[in-house]
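Engineer: Dropping the structure in here first, questions after.
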Amino acid sequence: MSDNIVSEVTPSLRGWLAVCAVALCGAVFCTTEFLPVGILRYIGTDLGVSDGTAGLMITIPGILAALAGPLVTLGIGKIDRRHVLWLLTALLIAANVLAMSATSFEMLLAGRVLFGIGLGGFWAIGVGIAARLVPTRSVGRATSVIFTSISVGLLVGGPAGSFIGEAYGWRYAFGLAMVLSLAAIVLLLVALPPLRVAQRVTVADFVQILRTRNGVVGIVAMFLIVVAHFGTYTYVTAFLSENAGFSGTAISITLLVYTLVGMLGNFVGGAASDVNVKATLVSGILLACLSIALLPGLSGNALLLVLVIGAWGFAYGVIPIALQMWLIKAAPNAHEGGTALYVTNFQTSIALGSLLGGILVDRAGLSLAMYAGAAVAALSLTTIVTMAGDWAPKKQR
21 MSDNIVSEVT PSLRGWLAVC AVALCGAVFC TTEFLPVGIL RYIGTDLGVS DGTAGLMITI
81 PGILAALAGP LVTLGIGKID RRHVLWLLTA LLIAANVLAM SATSFEMLLA GRVLFGIGLG
141 GFWAIGVGIA ARLVPTRSVG RATSVIFTSI SVGLLVGGPA GSFIGEAYGW RYAFGLAMVL
201 SLAAIVLLLV ALPPLRVAQR VTVADFVQIL RTRNGVVGIV AMFLIVVAHF GTYTYVTAFL
261 SENAGFSGTA ISITLLVYTL VGMLGNFVGG AASDVNVKAT LVSGILLACL SIALLPGLSG
321 NALLLVLVIG AWGFAYGVIP IALQMWLIKA APNAHEGGTA LYVTNFQTSI ALGSLLGGIL
381 VDRAGLSLAM YAGAAVAALS LTTIVTMAGD WAPKKQR
């Protein structure tokens with residue numbers, strides 16, 4: 021996908037300010053997406069729904085984001101992308117206002133519907149725009165800043181929700197997200213230059229990466245590992261509380277360990293992927309698979325449980341960045357198309373994973389859900405090890 025944005029490169033300082041504005045907005049979107057992971061049990065108790073039903077707060081935005089990404093991109097035609105980003109961020113603000121003031125689970129889900137639309141639209145166009153805000157020599161760094169904000173949001177959302185939910189209540193978690201959303205839109209209003217579009221995006225722009233063997237392998241492996249991750253991670257606070265007997269404070273500390281080690285995984289994953297992306301991705305998925313599989317058997321050992329969840333966090337810090345690098349390498353001339361397909365596939369997998377995980381949690385228990393997630397992660401690993409082709413240029417044509 022190429023937005024073919026017509027815009028002179030902005031002066032260095034303003035260009036980087038605009039990149040930071042997009043990155044902040046992306047971090048707030050991703051943090052908001054995964055806030056429910058840390059406050060699931062509080063919302064379920066307060067609004068009278070089961071853990072599995074409360075997981076719809078992850079499932080519904082994922083489904084809508086997967087649909088909204090390509091539909092928004094195709095539907096906005098040649099509208100100035102700056103205006104589109106403002107509108108999508110306004111949806112984020114409205115969604116958080118609805119969530120923090122919800123008096124019923126249905127009202128909370130209505131807010132998550134708005135959020136899902138904004139999320140999918142934002143990520144479908146945000147990364148490509150950010151890469152055009154700086155000189156050519158800085159595009160790689162600008163893109164890295166944006167993708168890092170995704171990873172930070174993925175890692176921070178659950179622990180932030182847990183800390184705030186434990187100390188002040190779950191509504192305050194969405195309240196903080198709303199305040200951050202306001203800060204993000206103000207920065208976007210100030211920093212973004214006009215971003216006109218010379219050519220409409222077409223359906224063909226979304227599927228270029230599927231013409232390569234490793235592109236298809238990457239998409240399938242991504243689908244499986246993200247389903248595995250969110251089929252388990254969505255319910256990790258319930259597992260720690262109900263199966264391991266952790267207090268609210270202990271859960272918050274455990275998720276903080278997950279986050280901090282996961283951020284380290286971001287840096288390691290980025291550096292390692294530059295050297296050998298296949299080995300990096302295989303290592304990350306293998307570590308995630310083993311970590312998830314070990315959790316049920318360690319519910320009686322708090323220290324080992326925290327260490328294994330830390331290892332899981334490291335693995336998941338590595339995986340998204342390695343997947344991004346994999347798709348870029350699989351189709352180097354379809355970078356933005358790969359990004360759009362990455363967003364759609366990622367959000368679909370989140371939705372399906374959290375939905376199937378919720379069904380398993382309600383019908384078979386938390387431990388079985390963990391084992392099932394580990395099995396799906398093993399399928400992702402097998403896909404890469406057995407099906408990935410050579411990276412030589414002749415294999416990419």
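Residue 363 in this note's numbering sits at position 343 of the sequence shown; the count goes up by one each step and never skips. Positions of the beta carbon are idealized from the N, C-alpha and C atoms, including for glycine. Just so we're clear, the structure is a prediction, and the values are computed from it rather than from any experiment.
(1) What's the C-alpha gap between ALA322 and LEU276?
(2) Using only alpha-carbon positions, find the residue among GLU262, GLN344, GLY138 that is nearest to ALA115.
(3) Cα separation between SER303 and SER267?
(4) What are the boundary residues of the alpha helix (DSSP H) that includes THR73?
(5) How about PHE243 and GLY373: do their beta carbons lie closer than 7 angstroms?
(6) Just the C-alpha distance for SER27 and THR51, rounded to the nearest angstrom, thanks.
(7) Is the Cβ-Cβ distance between ALA38 and LEU153 less than 7 angstroms?
(8) What's the gap between the Cα of GLY75 and the Cα of MET120?
(9) PRO179 and THR300: beta carbons closer than 7 angstroms?
(10) Is it the case that the Cβ atoms of CYS45 and ALA204 are separated by a distance below 7 angstroms?
(11) Taking only the alpha-carbon atoms, compute the straight-line gap between PRO340 and TYR188 and give it to the nearest angstrom.
(12) Take the Cβ of MET198 as the centre, count every other Cβ of all protein chains shown within 10 Å, and call the residue buried at 16 or more, exposed below.
(13) Any chance the segment 279 to 299 sits against the segment 369 to 386, with 3 or more Cβ pairs inside 8 angstroms?
(14) Assuming ALA351 contacts THR232 (C-beta within less than 8 angstroms), just tell me the rounded distance between them.
(15) Determine, using beta carbons only, whether ASP71 and ALA258 come nearer to each other than 7 angstroms.
(16) Taking PHE243 as part of the alpha helix (DSSP H), name the residues at either end of that continuous run.
(17) On a CA-only basis, which of ILE329, GLY337, LEU327 is nearest SER293? Give me that one, please.
(18) Taking Cβ to Cβ, would you say GLY136 is nearer than 7 angstroms to ALA85?
(19) Does the separation of the CB atoms of ILE312 and ALA394 fall below 7 angstroms?
(20) Quick one, which of GLY131, LEU230, PHE142 has its alpha-carbon nearest ALA41's?
(21) For ASP100, does the three-state DSSP call read helix, strand or coil?
(22) On the DSSP letters alone, give me the boundaries of the alpha helix (DSSP H) that ARG61 sits inside.
(23) With DSSP run on the structure shown, which of helix, strand or coil describes ALA264?
(24) Which two residues bound the contiguous alpha helix (DSSP H) that contains TYR188?
(25) Identify whether PRO179 lies in helix, strand or coil by the three-state DSSP scheme.
(26) In the DSSP assignment, the alpha helix (DSSP H) including SER124 goes from what residue to what residue?
(27) If you reduce the DSSP assignment to three classes, tell me which class ARG417 lands in.
(28) Could you please give the first and the last residue of the uninterrupted alpha helix (DSSP H) stretch that includes GLN344?
(29) Would you identify the three-state DSSP class for SER319, choosing helix, strand or coil?
(30) Considering just the uninterrupted stretch of the alpha helix (DSSP H) at GLY304, what are its terminal residues?
(31) Report the rounded CA-to-CA distance for ALA371 versus GLY140, giving the unit in angstroms.
(32) So ALA144 and VAL363 are in contact, right, with Cβ under 8 angstroms, and what is the actual spacing, rounded?
(33) Ends of the alpha helix (DSSP H) at VAL396?
(34) Note down the Cα distance separating GLY422 from LEU134, rounded to an integer number of angstroms.
(35) With 16 other CB atoms within 10 Å as the buried threshold, where does LEU208 fall?
(36) Would you report the Cα separation of MET216 and GLN228, rounded to the nearest angstrom?
Structural biologist: The relevant details are as follows:
(1) For the purposes of this step, residue 322 is taken as the residue at position 302 of the sequence shown. For the purposes of this step, residue 276 is taken as the residue at position 256 of the sequence shown. Here the alpha carbons of LEU276 and ALA322 stand approximately 15 angstroms from one another.
(2) The residue you call residue 115 lines up with position 95 of the sequence shown. The candidate whose alpha carbon is nearest that of ALA115 is GLY138.
(3) Position 283 of the sequence shown holds residue 303. Position 247 of the sequence shown holds residue 267. Per the coordinates, the alpha-carbon of SER303 lies some 32 angstroms from the alpha-carbon of SER267.
(4) Against the sequence shown, residue 73 aligns to sequence position 53. Start and end: 71 to 74.
(5) The residue labelled residue 243 in the question sits at position 223 within the sequence shown. The residue labelled residue 373 in the question sits at position 353 within the sequence shown. No, the Cβ-Cβ distance between PHE243 and GLY373 is not below 7 angstroms.
(6) Taking the first residue of the sequence shown as position 1, residue 27 is located at position 7. Taking the first residue of the sequence shown as position 1, residue 51 is located at position 31. Because SER27 carries a pLDDT of 48, less than 50, the predicted location of this residue cannot be relied on, and the following value inherits that uncertainty. The straight-line gap from Cα to Cα measures roughly 30 angstroms.
(7) Counting from one through the sequence shown, the residue named residue 38 turns up at place 18. Counting from one through the sequence shown, the residue named residue 153 turns up at place 133. Cβ atoms of ALA38 and LEU153: closer than 7 angstroms.
(8) Residue mapping note: residue 75 aligns to position 55 of the sequence shown, counting from 1. Residue mapping note: residue 120 aligns to position 100 of the sequence shown, counting from 1. When rounded, the distance between both Cα atoms is 17 angstroms.
(9) Taking the sequence shown and counting its residues from 1, the one referred to as residue 179 is at position 159. Taking the sequence shown and counting its residues from 1, the one referred to as residue 300 is at position 280. Result no, Cβ atoms of PRO179 and THR300 do not sit closer than 7 angstroms.
(10) Here residue 45 refers to the residue found at position 25 when the sequence shown is read from its first residue. Here residue 204 refers to the residue found at position 184 when the sequence shown is read from its first residue. Yes, the pair counts as a contact, with Cβ atoms nearer than the cut-off.
(11) As a position in the sequence shown, residue 340 is number 320, starting the count at 1. As a position in the sequence shown, residue 188 is number 168, starting the count at 1. Those two C-alpha atoms are separated by around 31 angstroms.
(12) Locating residue 198 in the sequence shown gives position 178, where the first residue counts as 1. Label assigned to MET198: buried.
(13) no
(14) Position 331 of the sequence shown holds residue 351. Position 212 of the sequence shown holds residue 232. The distance from the Cβ of ALA351 to that of THR232 is about 5 angstroms, consistent with a contact at the 8 angstroms cut-off.
(15) As a position in the sequence shown, residue 71 is number 51, starting the count at 1. As a position in the sequence shown, residue 258 is number 238, starting the count at 1. Yes.
(16) By 1-based counting over the sequence shown, the position of residue 243 is 223. 233 to 253 is the extent of the alpha helix (DSSP H) around PHE243.
(17) Locating residue 293 in the sequence shown gives position 273, where the first residue counts as 1. Here the closest residue by C-alpha is GLY337.
(18) Residue 136 sits at position 116 when you count from the first residue of the sequence shown. Residue 85 sits at position 65 when you count from the first residue of the sequence shown. Contact: yes.
(19) Locating residue 312 in the sequence shown gives position 292, counting from the first residue. Locating residue 394 in the sequence shown gives position 374, counting from the first residue. Closer than 7 angstroms, so yes.
(20) For the purposes of this step, residue 41 is identified with residue 21 of the sequence shown, where counting begins at 1. Residue PHE142 is the option with its Cα nearest to ALA41.
(21) Taking the first residue of the sequence shown as 1, we reach residue 100 at position 80. Three-state result, ASP100: coil.
(22) One-based indexing of the sequence shown puts residue 61 at position 41. It spans 32 to 67 - the alpha helix (DSSP H) in which ARG61 sits, taken as one unbroken run.
(23) Counted from its first residue, the sequence shown places residue 264 at position 244. DSSP places ALA264 in coil when its eight states are reduced to three.
(24) Locating residue 188 in the sequence shown gives position 168, where the first residue counts as 1. No alpha helix (DSSP H) contains TYR188, which DSSP labels as neither H nor E.
(25) Along the sequence shown, one-based indexing puts residue 179 at 159. Helix at PRO179.
(26) For this step, residue 124 is matched to residue 104 along the sequence shown. SER124 -> no alpha helix (DSSP H), and no H or E assigned at all.
(27) Along the sequence shown, read from residue 1 onward, the residue named residue 417 stands at position 397. Residue confidence for ARG417 is low, a pLDDT of 40 falling below 50, so the modelled location carries little weight; the figure read from the coordinates is stated next. Three-state DSSP puts ARG417 in coil, outside helix and strand.
(28) Numbered from 1 along the sequence shown, position 324 holds the residue referred to as residue 344. Start and end: 322 to 350.
(29) As a first step, residue 319 is located in the sequence shown; it is residue number 299 there, counting from the start. DSSP places SER319 in coil when its eight states are reduced to three.
(30) Sequence index remark: in the sequence shown, residue 304 carries index 284 (1-based). Note, GLY304: alpha helix (DSSP H), 297 to 314.
(31) Reading the sequence shown from its first residue, position 351 is the one you call residue 371. Reading the sequence shown from its first residue, position 120 is the one you call residue 140. If you take the alpha carbons of ALA371 and GLY140, they lie about 12 angstroms apart.
(32) What you label residue 144 is simply residue 124 of the sequence shown in a count that begins at 1. What you label residue 363 is simply residue 343 of the sequence shown in a count that begins at 1. Yes, they are in contact, since the Cβ atoms of ALA144 and VAL363 sit about 6 angstroms apart, within 8 angstroms.
(33) Indexing the sequence shown from 1 puts residue 396 at position 376. 386 to 407 is the extent of the alpha helix (DSSP H) around VAL396.
(34) The requested residue 422 does not occur in the structure, where the chain is confined to residues 21 to 417.
(35) As a position in the sequence shown, residue 208 is number 188, starting the count at 1. LEU208 should be labelled buried.
(36) Indexing the sequence shown from 1 puts residue 216 at position 196. Indexing the sequence shown from 1 puts residue 228 at position 208. Sequence inspection shows Arg at residue 216; the Met mentioned does not correspond to that position. In a straight line, the C-alpha of ARG216 is about 24 angstroms away from that of GLN228.
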